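Chains as they are written, first to last, in the numbering used here: chain X, 436 to 658; chain W, 33 to 300. Some notes on the structure that comes next.
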């Protein structure tokens with residue numbers, strides 16, 4: 436039944452090549468933890484992706500209640516955490532997921548670094564990976580302000596002061612991040628925009644490139 | 033599913049490593065050239081990877097359910113006593129700026145040069161480490177630099193965290209400007225006024241050079257207050273209370289009764 440439906444669709448849309456492109460390849464023995472337990476270090480990339488998916492989903496649900504405005508931001512977070520059914524779980528997933536994704540990303544970077552997997556011909560994918568790392572740090576920095584509690588506010592203030600102390604470009608970076616004279620309404624609005632639209636768009640684009648290249652080049656061989 | 037047995041279906045093999053061939057493009061090695069047992073990614077390997085994912089997910093959800101995500105008081109830009117702290121993965125950069133050689137007139141070292149070397153080096157790793165060898169022990173310079181950097185990052189993070197915890201602990205706890213003096217008719221208030229306490233903590237416990245003592249009872253027991261009177265705390269020197277032991281106990285018990293108002297307690 437399912438097979439007939441699939442074939443009916445396939446005759447019209449030719450979908451087999453699409454998923455074959457993505458999914459039909461062999462996984463070599465040296466990255467398969469079922470054969471060598473130590474190969475679990477090759478799981479961290481996939482786990483980073485998994486946590487990122489959790490971040491995207493929980494973040495989508497958070498925006499249903501979150502209000503990016505200095506009067507209501509803290510109140511809306513307080514409300515969604517304490518009044519909404521399962522709100523504390525969704526916010527908890529997003530809050531802890533932020534740290535866990537950084538940990539996974541860091542472990543993945545270490546694995547790639549110490550197995551020398553960034554070498555020829557995979558230099559370019561390493562550079563994309565570093566850009567992904569910076570995007571994630573940017574997501575962490577912008578997301579930290581959004582609950583608008585004292586911790587968020589003063590950490591951002593100090594962060595922007597540090598950015599402003601960079602010679603030549605510092606004041607431009609600070610103005611770009613802050614959007615005004617002080618850390619205030621405009622800062623919150625643009626951190627929200629960066630956190631929810633700009634940086635995730637960059638993240639998805641870079642992840643697409645990352646996965647495209649790994650399929651093109653294959654995973655690095657055994658040591 | 034990954035391998036097509038039936039010949040009656042329309043199947044197109046496209047874009048896989050088994051598909052030929054443009055001599056001008058880099059074609060990845062066929063996995064059959066690797067030694068050992070390969071496995072189809074879909075569905076065999078993906079299922080195993082998903083099992084690893086489930087284990088991680090269970091651990092993650094255990095963390096989420098046991099630890100409520102923190103939410104402090106609403107941001108108050110006029111609050112001058114709040115200790116700023118970045119999220120933990122920025123702590124090492126934050127701590128770097130506290131070195132004398134990376135702050136003040138040399139702050140450019142801490143904000144641009146050292147992080148620039150670190151991240152620039154990482155970024156350009158494929159071109160800095162061009163040898164063919166991939167094993168960590170066969171490229172000792174790269175591995176050595178990386179390990180030293182790792183140790184430095186972990187140490188800086190740990191030092192920053194430890195310092196932050198200590199600063200938090202030394203901050204005046206439980207005091208509040210809104211709190212009223214509890215039992216102002218108590219003779220202990222007179223003892224307070226007649227001792228050195230009043231010079232730093234103020235006539236009305238409002239705090240001068242020292243922190244306010246209103247609402248202090250929420251944070252300390254009488255015994256802890258006596259310890260602070262005897263041994264000092266932060267900038268407060270030891271042995272500031274010069275009355276009798278009896279007076280000291282009376283004063284400590286009275287201070288321990290200084291609770292902040294109710295609705296504020298609920299917020300905390």
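Note that beta-carbon positions come from the ideal geometry of N, C-alpha and C, so glycine has one too. Just so you know, these numbers come straight off a predicted model, no measurement behind them.
Worksheet item: So what does DSSP say about residue 255 of chain W, is it helix, strand or coil?
Response: To locate residue 255 of chain W, count along the second chain from 1; it is residue 223. DSSP places residue 255 of chain W in helix when its eight states are reduced to three.
Discussion item. Under 8 Å: do the region 68–78 of chain W and the region 455–469 of chain X share three or more Cβ pairs, one atom per stretch?
Written reply: Output reads yes: the region 455–469 of chain X touches the region 68–78 of chain W.
Item to complete: In angstroms with no decimal places, state the Cα-to-Cα distance between residue 531 of chain X and residue 476 of chain X.
Response: As a working mapping, residue 531 of chain X is identified with position 96 in the first chain. As a working mapping, residue 476 of chain X is identified with position 41 in the first chain. Near 22 Å, if we compare the C-alpha coordinates of residue 476 of chain X and residue 531 of chain X.
Item to complete: Closer than 7 Å by C-beta to residue 200 of chain W: which residues in its own chain qualify, once you throw out the five before and the five after it? Chain order, please.
Response: Here residue 200 of chain W refers to the residue found at position 168 of the second chain. If we look at residue 200 of chain W and ignore the five residues flanking it on each side, its Cβ neighbours are 115.
Worksheet item: Based on the DSSP output, what are the partners of residue 584 of chain X in its beta bridges?
Response: Counting from 1 along the first chain, the entry for residue 584 of chain X is found at position 149. Answer is W/106.
Fill in: For residue 461 of chain X, the residue or residues it bridges with in DSSP
If you number the first chain from 1, residue 461 of chain X lands on position 26. For residue 461 of chain X, the beta-bridge partners assigned by DSSP are W/72.
Fill in: Cross-chain neighbours of residue 658 of chain X in chain W, by beta carbon under 7 Å
Mapped onto the first chain, residue 658 of chain X falls at position 223. By Cβ distance, chain W contributes 166 and 167.
Worksheet item: Would you report the Cα separation of residue 612 of chain X and residue 597 of chain X, rounded to the nearest angstrom?
Response: Translated into positions along the first chain, residue 612 of chain X becomes position 177. Translated into positions along the first chain, residue 597 of chain X becomes position 162. Going from the Cα of residue 612 of chain X to the Cα of residue 597 of chain X covers about 12 Å.
Discussion item. Which residue marks the beginning of the alpha helix (DSSP H) containing residue 269 of chain W, and which one marks its end?
Written reply: If you number the second chain from 1, residue 269 of chain W lands on position 237. DSSP places residue 269 of chain W outside any alpha helix (DSSP H), giving it a letter other than H or E.
Item to complete: Could you tell me how far apart the beta carbons of residue 307 of chain W and residue 228 of chain W are, in whole angstroms, since I believe they sit closer than 8 Å?
Response: Outside the modelled stretch of chain W, which goes from 33 to 300, sits residue 307 of chain W, for which no answer is possible.
Worksheet entry | Closest Cα partner of residue 593 of chain X within the set W/159, W/126, W/252 and W/184 | Sequence index remark: in the first chain, residue 593 of chain X carries index 158 (1-based). Comparing Cα positions, the closest option is W/126.
Worksheet item: Is residue 529 of chain X helix, strand or coil by DSSP?
Response: What you label residue 529 of chain X is simply residue 94 of the first chain in a count that begins at 1. It is helical.
Discussion item. Closer than 8 Å between beta carbons: that is the criterion. Which residues of the region 622–644 of chain X meet it against chain W?
Written reply: none
Item to complete: Could you check the C-alpha separation between residue 376 of chain X and residue 657 of chain X for me, to the nearest Å?
Response: Because chain X is modelled from 436 through 658, residue 376 of chain X falls outside the range shown and cannot be assessed.
Practice prompt. Tell me, to the nearest whole angstrom, how far the beta carbon of residue 214 of chain W is from that of residue 291 of chain W; I am working on the premise that it is less than 8 Å.
Written response: The residue labelled residue 214 of chain W in the question sits at position 182 within the second chain. The residue labelled residue 291 of chain W in the question sits at position 259 within the second chain. About 7 Å separates the Cβ atoms of residue 214 of chain W and residue 291 of chain W, confirming a contact at the 8 Å cut-off.
Fill in: Buried versus exposed call for residue 26 of chain W [16 or more other C-beta atoms within 10 Å across all chains shown]
Nothing about residue 26 of chain W can be read from this structure; chain W reaches only from 33 to 300.
Worksheet item: If we ignore side chains and look at the alpha-carbon of each, how far apart do residue 486 of chain X and residue 536 of chain X end up?
Response: Looking up residue 486 of chain X in the first chain gives position 51. Looking up residue 536 of chain X in the first chain gives position 101. Taking the straight line from one Cα to the other gives about 6 Å.
Practice prompt. Can you grab the Cα-Cα spacing for the pair residue 572 of chain X / residue 220 of chain W, in whole Å?
Written response: Counted from its first residue, the first chain places residue 572 of chain X at position 137. Counted from its first residue, the second chain places residue 220 of chain W at position 188. Near 54 Å, if we compare the C-alpha coordinates of residue 220 of chain W and residue 572 of chain X.
Practice prompt. Determine the closest residue to residue 517 of chain X out of X/500, X/505 and X/506, with distance taken between C-alpha atoms.
Written response: Residue 517 of chain X sits at position 82 when you count from the first residue of the first chain. Comparing Cα positions, the closest option is X/500.
Worksheet item: How is residue 171 of chain W classed by DSSP in three states: helix, strand or coil?
Response: Residue numbering aside, residue 171 of chain W sits at position 139 when the second chain is read from its first letter. Coil, per DSSP.
Worksheet entry | Chain-order list of residues whose beta-carbon lies under 7 Å from that of residue 543 of chain X (same chain, five-residue window excluded) | Counted from its first residue, the first chain places residue 543 of chain X at position 108. Closer than 7 Å at Cβ, skipping near neighbours: 479, 480 and 483.
Item to complete: For residue 192 of chain W, go through chain X and note every residue whose CB falls closer than 9 Å to its CB, in chain order.
Response: Within the second chain, numbered from 1, the residue matching residue 192 of chain W stands at position 160. Result: empty, since nearest Cβ-Cβ is about 13 Å, beyond 9 Å.
Discussion item. Between residue 195 of chain W and chain X, is the shortest Cβ-Cβ distance under 8 Å, so that the two count as touching?
Written reply: The count along the second chain starts at 1 and reaches residue 195 of chain W at position 163. For residue 195 of chain W, the answer is no, since every Cβ of chain X falls outside 8 Å of its Cβ.
Practice prompt. Give me the Cα-Cα distance between residue 144 of chain W and residue 640 of chain X, rounded to the nearest whole angstrom.
Written response: Stepping through the second chain from its first residue, residue 144 of chain W is reached at position 112. Stepping through the first chain from its first residue, residue 640 of chain X is reached at position 205. Distance between the alpha carbons of residue 144 of chain W and residue 640 of chain X is about 28 Å.
Worksheet entry | Cross-chain neighbours of residue 600 of chain X in chain W, by beta carbon under 7 Å | Here the question's residue 600 of chain X lines up with position 165 in the first chain. Chain W residues near residue 600 of chain X: 139 and 143.
Worksheet item: Starting from residue 439 of chain X and walking both ways along the alpha helix (DSSP H), at which residues does that stretch end?
Response: Taking the first residue of the first chain as 1, we reach residue 439 of chain X at position 4. Taken as a continuous stretch (DSSP letters only), the alpha helix (DSSP H) holding residue 439 of chain X covers 437–448.
Worksheet entry | Classification of residue 113 of chain W by the beta-carbon crowding that lies within 10 angstroms, buried from 16 upward | Numbered from 1 along the second chain, position 81 holds the residue referred to as residue 113 of chain W. Under the 10 Å beta carbon count, residue 113 of chain W is surrounded by fewer than 16 other beta carbons and is classified as exposed.
Fill in: Beta carbon proximity, residue 184 of chain W to chain X, threshold 8 Å
One-based indexing of the second chain puts residue 184 of chain W at position 152. Interface criterion not met: the Cβ of residue 184 of chain W is under 8 Å from no Cβ in chain X.
Worksheet entry | Contacts of residue 106 of chain W in chain X (Cβ-Cβ under 7 Å) | In the second chain, residue 106 of chain W corresponds to position 74, counting from 1. Within 7 Å Cβ-Cβ: 509, 583 and 584.
Worksheet item: chain W partners of residue 482 of chain X, CB-CB under 8 Å?
Response: The residue labelled residue 482 of chain X in the question sits at position 47 within the first chain. Chain W residues near residue 482 of chain X: 84, 85 and 88.
Worksheet entry | residue 655 of chain X, buried or exposed, once every other Cβ within 10 Å from all chains shown has been counted against 16 | On the first chain, position 220 is the one that residue 655 of chain X refers to. Buried, by the Cβ-count rule.
Worksheet item: Nearest-angstrom Cα distance between residue 459 of chain X and residue 79 of chain W?
Response: As a first step, residue 459 of chain X is located in the first chain; it is residue number 24 there, counting from the start. As a first step, residue 79 of chain W is located in the second chain; it is residue number 47 there, counting from the start. Between residue 459 of chain X and residue 79 of chain W, the C-alpha separation is close to 14 Å.
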